[in-house]
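J.: Chains as they are written, first to last, in our numbering: chain Y, 12 to 70; chain S, -9 to 385.
For every residue, glycine included, the Cβ atom is placed at its ideal position computed from N, Cα and C.
All of these numbers come straight from a predicted model, not from anything done at the bench.
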Amino acid sequence: MVITNAKYFESSLRPDGNIGVRATIDGEEMSVPLDTNNRHYAEILKQVADSDITIAEAD
Amino acid sequence: MAIVINGSGTVTGLAVGGLPDGTVDSGTIATGTIVDADVANVAASKLTGALPAIDGASLTGINIPSGRKNIMFNGAMNISQRTASTTGVTSATYGACDRYKLILNGGGTFTISQENDAPAGFHKSLKANCTTAQGSLGANDYGYFSQKIESQDTKHLAYGTSSAKTITLSFWVKCSQTGTLQAGIVHYATSENRHIGGTYTINAANTWEKKTMTFVGDTAAAGAGNFDTARGFEVEWFLISGSSRTGGSVPSSWGTMAQTNRNAGSNISIGDSTSDTWQITGVQLEVGDTATDFEYRSVGEELALCERYYEETGNTAEQFPLPKTRESDRHRISAYQYKTTKRVIPSITLIDANGDGGGTPAASGIGTHGFRATASATADNQSPWFDGYKADAEL
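(1) Taking 8 Å as the threshold, find out whether the stretch 353 to 368 of chain S comes into contact with the stretch 41 to 57 of chain Y through three or more Cβ pairs.
(2) Can you check whether the CB of S/PRO241 is closer than 8 Å to the CB of S/GLY187?
(3) Closest by CA to S/LYS314, which one among S/ALA367, S/SER233, S/SER141?
(4) Per the DSSP calculation, S/GLU140 is bridged to which residue(s)?
(5) Helix or strand or just coil, what does DSSP make of S/GLN327?
(6) In the structure shown, what three-state DSSP assignment does S/CYS165 receive?
(7) Kindly list, in the order they appear in chain Y, the residues whose Cβ is closer than 7 Å to that of S/ALA220.
(8) On the DSSP letters alone, give me the boundaries of the alpha helix (DSSP H) that S/GLY78 sits inside.
(9) Measuring alpha carbon to alpha carbon, tell me which of S/PRO336, S/GLY17, S/ASP377 ends up nearest Y/HIS51.
(10) For a quick check, are the C-beta atoms of S/THR99 and S/THR121 less than 8 Å apart?
(11) Starting from Y/PRO44, find everything on chain S with Cβ-Cβ shorter than 9 Å and list it in chain order.
(12) Exposed or buried, S/SER103, counting other C-beta atoms within 10 Å across all chains shown (16 or more means buried)?
(13) Quick check for students: name the residue ranges of the alpha helix (DSSP H) that lie wholly in the stretch 283 to 336 of chain S, counting only runs of 4 or more.
(14) Assign Y/VAL13 to one of two classes, buried (16 or more other C-beta atoms within 10 Å of its C-beta) or exposed (fewer than that).
(15) Mapping DSSP to helix, strand and coil, what is S/ALA148?
(16) If you run the structure through DSSP and keep just helix, strand and coil, what is S/THR101?
(17) Measuring only between beta-carbons, confirm whether Y/ARG33 sits less than 8 Å from chain S.
(18) Quick one: what's S/GLY238 bridged to in DSSP?
(19) Hey, does Y/ILE30 have any beta-carbon neighbour from chain S nearer than 8 Å?
(20) The beta strand (DSSP E) with Y/ILE36 in it runs from where to where?
(21) Could you tell me the boundaries of the alpha helix (DSSP H) in which S/VAL273 lies?
(22) Just checking my contact of S/GLY360 with S/TYR326 at CB under 8 Å: how many whole Å lie between their CB atoms?
(23) Is there contact here, the stretch 230 to 241 of chain S with the stretch 127 to 136 of chain S, by at least three beta-carbon pairs under 8 Å?
(24) Leaving out the 5 sequence neighbours to the left and right, which residues in its chain are closer than 6 Å to S/SER152 when beta-carbon positions are compared?
(25) Kindly say whether Y/GLU68, judged by its beta-carbon, lies nearer than 8 Å to any beta-carbon of chain S.
(26) So with Cβ pairs under 8 Å, would you call Y/GLU40 a contact of chain S?
(27) Report yes or no: do three or more beta-carbon pairs, one from the stretch 294 to 303 of chain S and one from the stretch 174 to 190 of chain S, lie closer than 8 Å?
(28) Compare the Cα-Cα distances from S/LYS200 to each of S/ASN216, S/ASP283, S/GLY357 and report the closest residue.
(29) What three-state label does DSSP hand S/ALA66 in the structure shown?
(30) Mind the definition here: the stretch 258 to 275 of chain S touches the stretch 218 to 234 of chain S only if three or more C-beta pairs lie below 8 Å; say whether that holds.
(31) Less than 7 Å between C-beta atoms, sequence neighbours within five positions excluded: which residues of the same chain meet that for S/ASN216?
(32) How many whole angstroms separate the CB atoms of S/GLU224 and S/ILE175, which I take to be in contact at a CB cut-off of 8 Å?
(33) Please report whether the beta-carbon of S/LEU385 lies at a distance below 8 Å from any beta-carbon of chain Y.
(34) I'd like to confirm the pairing. Which residues does DSSP put opposite S/GLN172 in its beta bridges?
(35) I want to verify the contact list: residues of chain Y whose CB lies under 8 Å from the CB of S/HIS321, in sequence order.
(36) Answer with buried or exposed for S/LYS36, where buried requires no fewer than 16 other C-beta atoms within 10 angstroms of its C-beta.
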């Protein structure tokens, strides 16, 4: 998976901490939940652990 | 003159030659004179005539499978929500038919497509067509098609117990080369990854052939699964690999997965020539040691099964507008329910999201049943929208 532009996001209704990561994954902009059972989030964590990507803080 | 023998004495000295034809008929055999013991060992080859009609109530010990038997999804390759064709594939990609992923690490460049070419009784097939050959195959290069089965959908196989069931994989395949390839199953068990596999032979190039492979159940304690929403089985068909996946032996019984066994026994490579093609359809994995007739499902039924893992609405202009819902800060909010509940919380892609001059809609509040989209408008007359969505909860 090619992952770029990873950035946490908070709820737009009641911002109270990160609820997901927005990233471009294999060319598609995705909203990815913070759930390790989600294959995209699992891969994001792996690439972060491998120091291949970083996740920017939410706005 | 006929010889009549009465009584219960023994007659000896008769030449072996049997009775003449027609001497034993229903009139000769008195009712009740042939008992069970007399016909206990009639060879099947002797039953050449028309059998009498036997009432079903008289039959015992016949295990007729009921309910759904095919563990695989989209075996007839009828569903392709993402696209019918993906070109230039060089890495792991769900490129055509739902639930089938081409996993590549080196091994050439492929086009993956859903084709209308299929054996009698089928309409579609999944095809891999090498477009750039892998000139020099590295030891760790590989390519294979894979479908992962949710762990909880394998519980009825009783793996990890003495009752573990034998299973049979059957499929139709069409390949541009003749030779041998390997197909197998990886079981992501609780304590380790287990593996079994076998080889199948392409006897004639570019011809549909049906292949059947039977695998014994995994009775070892290490074969017990987690039975949750994570991956359980991975059924795989290797196309090409370097020595790191061919250097072992064909894993004909369950054991700890060794990478060197995963494509052992193959003698052809699909991906070392631009003329290479490999197609498959009619995939069925079922309990038992026999490949029974393919379990046909309606397109609608199969689509709903696939949507547990991936759902895509298609792309219709402005189909999902975001209404005014919180005017104090011009938030535009709308909630959407998936057509099918997802395996786990999916990743969401909004197709052609447009803010109409304000903030671009984005997915939030994502769950297994639905999600919401929100956008921050900057003027009262802005009506943001998106044209569709993709929800990906694949394994």
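T.: This is what the structure holds:
(1) Between the stretch 353 to 368 of chain S and the stretch 41 to 57 of chain Y there are three or more inter-stretch CB-CB distances shorter than 8 Å, so the stretches are counted as touching.
(2) The residue given as residue 187 of chain S occupies position 197 in the second sequence. The residue given as residue 241 of chain S occupies position 251 in the second sequence. Yes, the Cβ-Cβ distance between S/GLY187 and S/PRO241 is below 8 Å.
(3) Here residue 314 of chain S refers to the residue found at position 324 when the second sequence is read from its first residue. It is S/ALA367 whose Cα lies nearest to the Cα of S/LYS314.
(4) What you label residue 140 of chain S is simply residue 150 of the second sequence in a count that begins at 1. DSSP lists S/ARG221 as the beta-bridge partner residues of S/GLU140.
(5) Walking along the second sequence from the start, residue 327 of chain S turns up at place 337. Strand, per DSSP.
(6) Working through the second sequence from its first residue, we reach residue 165 of chain S at position 175. Under the three-state reduction of DSSP, S/CYS165 is assigned to strand.
(7) Here residue 220 of chain S is taken as the residue at index 230 of the second sequence, counted from 1. Near S/ALA220 (Cβ distances below 7 Å), the residues of chain Y are ASN48.
(8) Within the second sequence, numbered from 1, the residue matching residue 78 of chain S stands at position 88. In the DSSP assignment, S/GLY78 falls outside any alpha helix (DSSP H) and lies within the beta strand (DSSP E) extending over 75 to 79.
(9) Stepping through the first sequence from its first residue, residue 51 of chain Y is reached at position 40. For Y/HIS51, the nearest C-alpha among the options comes from S/PRO336.
(10) Locating residue 99 of chain S in the second sequence gives position 109, where the first residue counts as 1. Locating residue 121 of chain S in the second sequence gives position 131, where the first residue counts as 1. At the C-beta level, S/THR99 and S/THR121 come within 8 Å of one another.
(11) Here residue 44 of chain Y refers to the residue found at position 33 of the first sequence. Within 9 Å of the CB of Y/PRO44, the CB atoms of chain S belong to VAL334, ILE335, PRO336, SER337, ILE338, ILE356, GLY357, in sequence order along the chain.
(12) Here residue 103 of chain S refers to the residue found at position 113 when the second sequence is read from its first residue. When all chains shown are included, S/SER103 counts as buried.
(13) Here the runs fully enclosed are 289 to 297.
(14) For the purposes of this step, residue 13 of chain Y is taken as the residue at position 2 of the first sequence. Of the other Cβ atoms in all chains shown, fewer than 16 fall within 10 Å of the Cβ of Y/VAL13; this residue is therefore exposed.
(15) Locating residue 148 of chain S in the second sequence gives position 158, counting from the first residue. Judged by DSSP in its simplified three-state form, S/ALA148 adopts coil rather than helix or strand.
(16) Here residue 101 of chain S corresponds to residue number 111 of the second sequence, with the count starting at 1. The three-state secondary structure of S/THR101, taken from DSSP, is strand.
(17) By 1-based counting over the first sequence, the position of residue 33 of chain Y is 22. True, the Cβ-Cβ gap to chain S drops below 8 Å.
(18) On the second sequence, residue 238 of chain S is found 248 positions in, with the first residue counted as 1. DSSP lists no beta-bridge partner residue for S/GLY238.
(19) To locate residue 30 of chain Y, count along the first sequence from 1; it is residue 19. Contact with chain S is found for Y/ILE30, since one of that chain's Cβ atoms lies less than 8 Å from the residue's Cβ.
(20) Locating residue 36 of chain Y in the first sequence gives position 25, where the first residue counts as 1. Here the beta strand (DSSP E) through Y/ILE36 covers 29 to 36.
(21) One-based indexing of the second sequence puts residue 273 of chain S at position 283. Run containing S/VAL273: none in the alpha helix (DSSP H); it sits in the beta strand (DSSP E), 267 to 277.
(22) For this step, residue 360 of chain S is matched to residue 370 along the second sequence. For this step, residue 326 of chain S is matched to residue 336 along the second sequence. S/TYR326 and S/GLY360 do touch by the CB rule: their CB atoms are close to 5 Å apart, below 8 Å.
(23) Contact holds: three or more Cβ-Cβ distances are below 8 Å.
(24) On the second sequence, position 162 is the one that residue 152 of chain S refers to. The answer, listed in chain order, is THR209.
(25) For the purposes of this step, residue 68 of chain Y is taken as the residue at position 57 of the first sequence. So, not an interface residue.
(26) For the purposes of this step, residue 40 of chain Y is taken as the residue at position 29 of the first sequence. Yes, contact with chain S.
(27) No: fewer than three Cβ pairs fall under 8 Å.
(28) Here residue 200 of chain S refers to the residue found at position 210 of the second sequence. Closest by alpha carbon: S/ASP283.
(29) In the second sequence, residue 66 of chain S corresponds to position 76, counting from 1. In the displayed model, S/ALA66 falls within coil according to three-state DSSP, outside both helix and strand.
(30) The answer is yes - the stretch 218 to 234 of chain S touches the stretch 258 to 275 of chain S, with three or more Cβ pairs under 8 Å.
(31) Mapped onto the second sequence, residue 216 of chain S falls at position 226. Excluding residues within five positions, the ones whose Cβ falls inside 7 Å are SER141, THR180.
(32) Translated into the one-based positions of the second sequence, residue 224 of chain S becomes position 234. Translated into the one-based positions of the second sequence, residue 175 of chain S becomes position 185. Rounded to whole angstroms, the Cβ separation of S/GLU224 and S/ILE175 is 7 Å, and the two are in contact under 8 Å.
(33) Translated into positions along the second sequence, residue 385 of chain S becomes position 395. At a cut-off of 8 Å between beta carbons, S/LEU385 contacts chain Y.
(34) The count along the second sequence starts at 1 and reaches residue 172 of chain S at position 182. DSSP, once it has assigned bridges, lists S/THR189 as partnering S/GLN172.
(35) Taking the second sequence and counting its residues from 1, the one referred to as residue 321 of chain S is at position 331. Those within 8 Å of S/HIS321 in chain Y are SER23, LEU24.
(36) Your numbering for residue 36 of chain S matches position 46 in the second sequence. Exposed, because fewer than 16 other Cβ atoms sit within 10 Å of the Cβ of S/LYS36.
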